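Accompanying notes for the structure given below.
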Amino acid sequence: MPLSIACHQLSFSVSKEQNRRRILQVLEGSQTQLDIFPEYAMGLPPSGLSKDFVEENAEPLGGRFVTSILEQTEQRGSSVVFTTFLREDDAVYNAAVFADQGRVRGLYRKIHLFDAYGYRESELFTAGDQLELLDFRGFKVGLAVCFDLRFPELFRSLAYRGADLFIVPSAWYQGEHKLEQWRILTRARAHENTAYLMAVDQARPCFLGHSLVASPLAEVIHEAGEDQVSFTLSLDREQLEEDRKLLPILQLARPDLYRKLV
Numbered sequence: 001m002p003l004s005i006a007c008h009q010l011s012f013s014v015s016k017e018q019n020r021r022r023i024l025q026v027l028e029g030s031q032t033q034l035d036i037f038p039e040y041a042m043g044l045p046p047s048g049l050s051k052d053f054v055e056e057n058a059e060p061l062g063g064r065f066v067t068s069i070l071e072q073t074e075q076r077g078s079s080v081v082f083t084t085f086l087r088e089d090d091a092v093y094n095a096a097v098f099a100d101q102g103r104v105r106g107l108y109r110k111i112h113l114f115d116a117y118g119y120r121e122s123e124l125f126t127a128g129d130q131l132e133l134l135d136f137r138g139f140k141v142g143l144a145v146c147f148d149l150r151f152p153e154l155f156r157s158l159a160y161r162g163a164d165l166f167i168v169p170s171a172w173y174q175g176e177h178k179l180e181q182w183r184i185l186t187r188a189r190a191h192e193n194t195a196y197l198m199a200v201d202q203a204r205p206c207f208l209g210h211s212l213v214a215s216p217l218a219e220v221i222h223e224a225g226e227d228q229v230s231f232t233l234s235l236d237r238e239q240l241e242e243d244r245k246l247l248p249i250l251q252l253a254r255p256d257l258y259r260k261l262v
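Here the sequence shown stands for residues 1 to 262, numbered as in this note's numbering.
Here is the structure:
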C-alpha cells in the first residue's frame, strides 16, 4: 500500500511557543500517515542563530516542545518528523525526531554541522555520532538533516543498512549557486542509493524553499516554490522495487575496495 506523506515548507518565527502551536495546528488538519517539517523548528532570530538563543530554547526530550507533539500524534494515531534543540547533559544537539503515535521511534543528532559559508554551527551544537534507521509502514527510513546532504558517505552507509527512504529536514540558506546545489544533491543522494528522498526546507525570506522529493531514478516527483506551502504525495513500494531491479547499484558496488581509499 502506498505511503501518504505531507511536507510542510514553513518559515518558522523567533518564538518557540508560536512555532510549537503552529506545528500542532498543522497536524490537527493533516490527513496523511506522515508529516514532515523543516529544520530549526524551535525558532530562528532574523539575525541568525546564536549561542544564547540556542541555550535559552533548548529542551530535553521530555520537555514541552517534544511531548506536546508526541501527544498530538497519539491522539491522531499519526506520525511526524520534526527538529528540536535537544539538551542532553551538558550538550545541545540539532536533532531530528521521528514521532509515531505518541512514541519517539527515531532520534537523529545531526552529524555534519554547518561550518561553511561563514557560518559556524559547531559553536552552537555538539555533533552527533550515530546513524538513525527505523522501520515504518513497509519502508526503512534513514534520517539526515540539511548540511548532511553534502556527505554521500552518510547516505550510502544508511543504504547498506537497508534504507530505502531518506527524510531530510532542512534550513538551506539562499545564496549564489545554492538552488543548483540543492537540486543536484537531493537527486544524487536518492539516485546513487536507488532510494526515495524527501528534503523539506524552510521557506523564504532567509531560506531557499524548493522542498524536493526525488525518486530512486533521480526523477523530481515534486518541487515546491519559495513560499510557504504544504503538499501531499504517496510513495509506492512496488515502484521502488522495480527501480532497484532496473538499476541494482548496491549489488554492483565494491565496498571491499572503497574501504582501502579512506
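Cβ coordinates follow ideal geometry from the N, Cα and C atoms, glycine included. On a predicted model such as this, the values are computed, not experimentally measured, just so you know.
Does the ligand FAD have even one heavy atom less than 6 Å from the beta-carbon of residue i?
| i | result |
| --- | --- |
| Arg120 | Among the components modelled here there is no ligand, and therefore nothing to report on the ligand FAD. |
Measure the Cβ-Cβ separation of residue i and residue j and say whether it is below 7 Å.
| i | j | result |
| --- | --- | --- |
| Gly106 | Leu134 | yes |
| Ala224 | Ser11 | no |
| Thr32 | Thr194 | no |
| Leu197 | Phe166 | yes |
| Phe82 | Phe114 | no |
| Arg87 | Ala58 | yes |
| Gly102 | Thr73 | yes |
| Arg128 | Tyr93 | Reading off the sequence, residue 128 comes out as Gly, not Arg. Cβ distance < 7 Å, so Gly128 and Tyr93 count as in contact. |
| Val200 | Pro152 | no |
| Ser4 | Ser234 | yes |
| Leu158 | Gly175 | no |
| Gln9 | Val229 | yes |
| Lys16 | Leu124 | no |
| Ala99 | Leu131 | no |
| Asp148 | Val80 | no |
| Ala91 | Thr126 | yes |
| Asp164 | Leu252 | no |
| Arg187 | Phe155 | no |
For the alpha helix (DSSP H) containing residue i, name the first residue and the last one.
| i | result |
| --- | --- |
| Ile111 | Taken as a continuous stretch (DSSP letters only), Ile111 belongs to no alpha helix (DSSP H), as it is neither H nor E. |
| Tyr258 | 255–258 |
| Asp148 | Element bounds for Asp148: n/a, residue is neither H nor E. |
| Gln25 | 16–29 |
What is the residue span of the beta strand (DSSP E) that residue i lies within?
| i | result |
| --- | --- |
| His8 | 3–9 |
| Asp135 | 133–136 |
| Val229 | 229–235 |
| Val213 | 212–214 |
| Val220 | 220–223 |
| Leu252 | Segment 249–252 is the alpha helix (DSSP H) holding Leu252; no beta strand (DSSP E) there. |
| Leu34 | 34–36 |
Taking the beta carbon of residue i as the centre, do at least 16 other beta carbons fall within 10 Å, making it buried, or is it exposed?
| i | result |
| --- | --- |
| Glu39 | buried |
| His191 | buried |
| Met1 | exposed |
| Pro45 | exposed |
| His112 | buried |
| Ser47 | exposed |
| Ser122 | exposed |
| Arg254 | exposed |
| Lys260 | exposed |
| Val104 | exposed |
| Arg109 | buried |
| His210 | buried |
| Leu27 | buried |
| Leu212 | buried |
| Leu49 | buried |
Kindly say whether residue i, judged by its beta-carbon, lies nearer than 7 Å to any beta-carbon of chain D.
| i | result |
| --- | --- |
| Leu49 | Although the question refers to chain D, the structure presented lacks it and comprises just one protein chain. |
- Message: Across the stretch 173–184 and the stretch 21–31, are there enough close Cβ pairs to call them in contact, namely three or more that are closer than 8 Å?
- Response: no
- Task: Within the stretch 153–210, note down every full alpha helix (DSSP H) run reaching 4 residues or more, in order along the chain.
- Result: 178–191
- Message: Ignoring anything shorter than 3 residues, give me the beta strand (DSSP E) runs that lie fully in the stretch 53–111, in order along the chain.
- Response: 79–88, 91–100, 103–109
- Message: When you compare the stretch 135–148 with the stretch 47–65, are there three or more beta-carbon pairs, one atom per stretch, that lie closer than 8 Å?
- Response: no
- Tell me, please, whether the stretch 242–262 touches the stretch 211–218 by the rule of three or more beta-carbon pairs shorter than 8 Å. yes
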